[in-house]
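Colleague: Quick note: the sequence shown uses our numbering, first residue 14, plus one each step.
One structure, pasted below without further comment.
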Amino acid sequence: MKQLLQDNNEFSIHMVRMTFWSVGMTAAGTILLFFVDSYWAEGWFLGSIFNVIFFLFLRSAYRRWIAHGETLDFIGIKISSYGFMRLPAAAILLVLTVVCTHISVFALVAGLLSLRLSIFGEGLRGVIKK
Numbered sequence: 014m015k016q017l018l019q020d021n022n023e024f025s026i027h028m029v030r031m032t033f034w035s036v037g038m039t040a041a042g043t044i045l046l047f048f049v050d051s052y053w054a055e056g057w058f059l060g061s062i063f064n065v066i067f068f069l070f071l072r073s074a075y076r077r078w079i080a081h082g083e084t085l086d087f088i089g090i091k092i093s094s095y096g097f098m099r100l101p102a103a104a105i106l107l108v109l110t111v112v113c114t115h116i117s118v119f120a121l122v123a124g125l126l127s128l129r130l131s132i133f134g135e136g137l138r139g140v141i142k143k
């Protein structure tokens, strides 16, 4: 983790922390739900891994923009537009899941909503650190 946090940029460090929170939520939820029902575990995994991929994508895009010398206004607009496009992408994932698979839709939605738990955990970590 120390190597991943070598960036001096606050946004990049925040994305790494959020990725770790999301990976932890993915692992914990999948393991716990596997003992209840494997379809629920699959749904949780798919929903929460979507969050992990989103954070990894945002961090790589941000680092690419910084390397190319883009302005902070440009970067802010791009990050907010990608954040906005996350909702339609999640909706498409839900529709494809319902149409094409046997995975529990409720667990998939819960996995997608695990982003809120990650945000809360990171915020709580910041408060405790201060």
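Ideal placement from N, C-alpha and C gives every residue a C-beta, glycine not left out.
Can you tell me the Cα-Cα spacing of residue 68 and residue 48, whole angstroms?
Modeller: As a first step, residue 68 is located in the sequence shown; it is residue number 55 there, counting from the start. As a first step, residue 48 is located in the sequence shown; it is residue number 35 there, counting from the start. Whole-angstrom Cα-Cα distance: 28 Å.
Colleague: Quick one: what's got a C-beta closer than 8 Å to residue 225's C-beta in the same chain, skipping five residues either side?
Modeller: Residue 225 cannot be examined here, being either before or after the span of the chain that is shown, 14 to 143.
Colleague: Using a 10 Å radius around the Cβ and a threshold of 16 neighbouring Cβ atoms, would you call residue 94 buried or exposed?
Modeller: Here residue 94 is taken as the residue at index 81 of the sequence shown, counted from 1. The residue in question, residue 94, is exposed, as its Cβ has fewer than 16 Cβ neighbours within 10 Å.
Colleague: Which residue from 24, 32, 140, 51 puts its Cα closest to that of residue 79?
Modeller: Taking the first residue of the sequence shown as 1, we reach residue 79 at position 66. With distances taken between Cα atoms, residue 79 lies closest to 24.
Colleague: Hey, could you find the ends of the alpha helix (DSSP H) residue 143 is sitting in?
Modeller: Here residue 143 is taken as the residue at index 130 of the sequence shown, counted from 1. Premise fails: residue 143 is in no alpha helix (DSSP H) and is neither H nor E.
Colleague: Count the other C-beta atoms from every protein chain shown that fall within 10 angstroms of the C-beta of residue 84, then say buried if there are 16 or more, exposed otherwise.
Modeller: By one-based count along the sequence shown, residue 84 stands at place 71. Exposed, by the Cβ-count rule.
Colleague: If we count Cβ pairs, one from each stretch, closer than 8 Å, do we get three or more for the region 35-54 versus the region 96-104?
Modeller: These segments do not touch.
Colleague: Would you kindly report the start and end of the unbroken alpha helix (DSSP H) that includes residue 116?
Modeller: The count along the sequence shown starts at 1 and reaches residue 116 at position 103. First-last for residue 116: undefined, no H or E at that position.
Colleague: Grab the span of the alpha helix (DSSP H) containing residue 22 for me, first residue to last.
Modeller: Mapped onto the sequence shown, residue 22 falls at position 9. Residue 22 -> no alpha helix (DSSP H), and no H or E assigned at all.
Colleague: Would you call residue 63 buried or exposed, if buried means 16 or more other Cβ atoms sit within 10 Å of its Cβ?
Modeller: Counted from its first residue, the sequence shown places residue 63 at position 50. So residue 63 ends up on the buried side.
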